[in-house]
Amino acid sequence: MPAPDPRSAIFVTAQVALNAEGGGVQRCTHEYLTVLRAAGFKLHLTPYPFEHRLWVRVLRKIRPQPYRDAVPRGFADRIREAALTHQAGWILLNQSEAAPLALELADLRQAGCRIALLSHGVDSTDYIHVARIREELHRGAPWNNRDNQWLGLTLFEEQRQHRNVDAVLCLSETDRVQEQWLGAGRVTVVPRVIGDRRLDWQPVAGRIGTVSTLTHEPNLEGLVLLGRELARTPVRGLRLRLVGSPQALGQELARQFPFVDYLGALSDAALAEEARTWCAFANPLFCYPRGCSTKLALPLEWRLPVATTRAGARGYHWDETLVPLVETPVELAALIRRLADPVEAGRQRPAVDNLALHSPRPEDVARLVQHALR
């Protein structure tokens, strides 16, 4: 293998993560792509489809293993071919689902090509919350031996993965500690960059908006806990405008809480048009799942007033003297009731603008990544 070019990189990712629209996975992926290009890397995209052959799906059912069979078998050979063709100095594995490839590509490391994990957080972080929420929110089965076994297998697999990469980029300080605990030697937090896409704000009194992937259990839990608290002390005219999917869960929340207007999944353009009528954006999150709340960048870019928890703001450079953070459903509900008044919400807008303007600049984050992947 010729001497690797330290600025040539193979970007390995699930095909779906490259979609122009979507949720947090797509936004995080495009953030990584943007900052890596700004840092001077020549990226060679090597996407893979999710493995869905029948025999693999059967194997997942009868013998499930953490992180196994998401990437098509034999895909490491395609990465080797791309690395040789482009004299790559780095293999960049996007998301933890691709992390098992690191061990398969050990021969490339021996030849001088290095491997980095572009982390969106690790599965074990969320699994603990999923099991807890299953019991507390849905009155499902309590934590059991199957959970114990799965969590143990997941942690050991994550540790193995982290010992076979040269660097990890991650999305928050919470993730940084977890990645280091798992054994990663060099971990760098890539903070959020906030652009300026301010809307022609025309707030409708009482309207609070939120965006949520409802199949993500911490998101659903946050909406239910907030809904319960808002229901305890109803405010006339308050409407929580919910954008997200799947439809069945959104409609169930609207049935459970009469003040919820479920709008379904909206295109980016339709979402921006809807959001210009919101007094504020709510981000109800009351635990620390993996990654960061990428959706919080939207109201900051739009320069909308924001009501978020401290957990919801992880991964952002946040000055609480400008925009305060809260911790509990009681505190968040009180803040939302106040910001539902357009006059009160308007008082927060200059602070949000100041917060966004003092967020890291693209060139700052590019230098950070250059140093991490030196």
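Residue numbers (my numbering): 1297 to 1670.
The C-beta atom is built at its ideal place from N, Cα and C for all residues, glycine as well.
8 angstroms contact criterion, which residue i and residue j should meet: CB distance rounded
{"i": "residue 1585", "j": "residue 1422", "result": "5 angstroms"}
{"i": "residue 1648", "j": "residue 1619", "result": "6 angstroms"}
{"i": "residue 1566", "j": "residue 1635", "result": "Not confirmed; about 23 angstroms, so no contact."}
{"i": "residue 1514", "j": "residue 1425", "result": "5 angstroms"}
{"i": "residue 1368", "j": "residue 1345", "result": "7 angstroms"}
{"i": "residue 1570", "j": "residue 1505", "result": "7 angstroms"}
{"i": "residue 1320", "j": "residue 1590", "result": "4 angstroms"}
{"i": "residue 1461", "j": "residue 1472", "result": "At roughly 14 angstroms, the Cβ-Cβ gap does not stay under 8 angstroms, so residue 1461 and residue 1472 are not in contact."}
{"i": "residue 1603", "j": "residue 1632", "result": "5 angstroms"}
{"i": "residue 1625", "j": "residue 1525", "result": "4 angstroms"}
Pair within 8 angstroms by beta-carbon distance, residue i and residue j
{"i": "residue 1608", "j": "residue 1579", "result": "yes"}
{"i": "residue 1490", "j": "residue 1387", "result": "no"}
{"i": "residue 1538", "j": "residue 1563", "result": "no"}
{"i": "residue 1521", "j": "residue 1582", "result": "yes"}
{"i": "residue 1486", "j": "residue 1639", "result": "no"}
{"i": "residue 1300", "j": "residue 1408", "result": "yes"}
{"i": "residue 1335", "j": "residue 1662", "result": "yes"}
{"i": "residue 1389", "j": "residue 1308", "result": "yes"}
{"i": "residue 1343", "j": "residue 1314", "result": "yes"}
{"i": "residue 1398", "j": "residue 1465", "result": "no"}
{"i": "residue 1541", "j": "residue 1560", "result": "yes"}
{"i": "residue 1468", "j": "residue 1588", "result": "yes"}
{"i": "residue 1418", "j": "residue 1454", "result": "yes"}
{"i": "residue 1600", "j": "residue 1574", "result": "yes"}
{"i": "residue 1510", "j": "residue 1481", "result": "no"}
{"i": "residue 1503", "j": "residue 1598", "result": "no"}
{"i": "residue 1613", "j": "residue 1656", "result": "yes"}
{"i": "residue 1340", "j": "residue 1382", "result": "yes"}
Best match in the options for proximity to residue i [C-alpha to C-alpha]
{"i": "residue 1548", "options": "1386, 1434, 1380, 1402", "result": "1434"}
{"i": "residue 1555", "options": "1541, 1573, 1530", "result": "1530"}
{"i": "residue 1617", "options": "1667, 1407, 1644", "result": "1644"}
{"i": "residue 1403", "options": "1395, 1670, 1373", "result": "1373"}
{"i": "residue 1432", "options": "1337, 1516, 1541", "result": "1516"}
{"i": "residue 1512", "options": "1430, 1655, 1525, 1599", "result": "1430"}
{"i": "residue 1463", "options": "1414, 1332, 1654", "result": "1414"}
{"i": "residue 1401", "options": "1420, 1382, 1375", "result": "1375"}
{"i": "residue 1630", "options": "1330, 1595, 1534", "result": "1534"}
{"i": "residue 1628", "options": "1637, 1606, 1646", "result": "1606"}
{"i": "residue 1615", "options": "1646, 1654, 1596, 1443", "result": "1654"}
Pairwise C-alpha distance: residue j and residue i
{"i": "residue 1550", "j": "residue 1427", "result": "24 angstroms"}
{"i": "residue 1652", "j": "residue 1488", "result": "10 angstroms"}
{"i": "residue 1459", "j": "residue 1392", "result": "13 angstroms"}
{"i": "residue 1394", "j": "residue 1366", "result": "8 angstroms"}
{"i": "residue 1610", "j": "residue 1338", "result": "30 angstroms"}
{"i": "residue 1557", "j": "residue 1384", "result": "50 angstroms"}
{"i": "residue 1572", "j": "residue 1496", "result": "6 angstroms"}
{"i": "residue 1406", "j": "residue 1523", "result": "54 angstroms"}
{"i": "residue 1478", "j": "residue 1670", "result": "22 angstroms"}
{"i": "residue 1322", "j": "residue 1310", "result": "10 angstroms"}
Checklist entry - What runs of the alpha helix (DSSP H), each 4 residues or longer, lie entirely inside the segment 1363–1447? => result 1371–1382, 1397–1400, 1402–1406, 1419–1432
Next on the checklist: Report the start-end ranges of each alpha helix (DSSP H) in the segment 1552–1622 that is 4 residues or longer and not cut off at the edges.
Outcome noted: 1564–1571, 1593–1598
Item to check | Completely contained alpha helix (DSSP H) runs for the segment 1509–1549, where each covers 4 or more residues | outcome: 1513–1528
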